[in-house]
Structures are given as C-alpha cells and as structure tokens.
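*Asks:* In the working numbering, the protein residues as written are 1306 to 1385.
1. Tell me whether the beta-carbon of residue 1307 lies closer than 9 Å to the beta-carbon of residue 1328.
2. So what does residue 1381 bridge to, in DSSP terms?
3. Using DSSP bridges, identify the partner residues of residue 1373.
4. Please list, in chain order, all residues of the same chain as residue 1311 whose beta carbon is under 6 Å from its beta carbon, the five residues on each side excluded.
5. How is residue 1355 classed by DSSP in three states: helix, strand or coil?
6. Who are the near neighbours of residue 1330 in its chain, counting only those whose CB is closer than 6 Å to its CB and skipping five residues on each side?
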C-alpha cells in the first residue's frame, strides 16, 4: 500500500468513514513447463453407423438421467 486516507466528508448518517487506498501491485506471468496437450475428438469412428448408434444411445441415456434428476428436484421444490 502506498497511501491510505480516510475521507470524512462522505456522510451517510453513520459513524463510518470512507477509506481510500492506493496500491502498488506487481504482476508476474505464471510460466507453465511443458506443452499442454490439445484434446482432440475422434470423429472418424462416427462414420461407422453401428458406433454412431451406440454413441447416440449412450448420450441419450446420460441426458435422460439428468432430466430425471431435474424433474425430481422440481417436484421436491414444489412440495416445499
């Protein structure tokens, strides 16, 4: 902190006073070591219709369970 002052002029009908401070801040770049691997998705296997159907079924199952959980929470909120 370089400078701190209390300003008594800001009156809001209380015993509090405005405090103004000047800060000196040094920022450093956070260097990372090594390279981060990009996440690549294998879209080539979706060209196979059997795998595409399996993927769709798995995705629908995941989304269905999430929807069921949300509906359960909605009903519990309505009960309260």
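For every residue, glycine included, the Cβ atom is placed at its ideal position computed from N, Cα and C.
*Replies:* Inspection of the coordinates gives the following:
1. As a first step, residue 1307 is located in the chain shown; it is residue number 2 there, counting from the start. As a first step, residue 1328 is located in the chain shown; it is residue number 23 there, counting from the start. Taking 9 Å as the Cβ cut-off, residue 1307 and residue 1328 qualify as a contacting pair.
2. Here residue 1381 corresponds to residue number 76 of the chain shown, with the count starting at 1. None, per the DSSP bridge assignment.
3. Along the chain shown, read from residue 1 onward, the residue named residue 1373 stands at position 68. Looking at the DSSP output, residue 1373 bridges to nothing.
4. The residue given as residue 1311 occupies position 6 in the chain shown. 1322, 1324, listed in sequence order.
5. For the purposes of this step, residue 1355 is taken as residue 50 along the chain shown, with counting starting at 1. Helix at residue 1355.
6. Your numbering for residue 1330 matches position 25 in the chain shown. Taken in chain order, the list of residues that qualify is empty.
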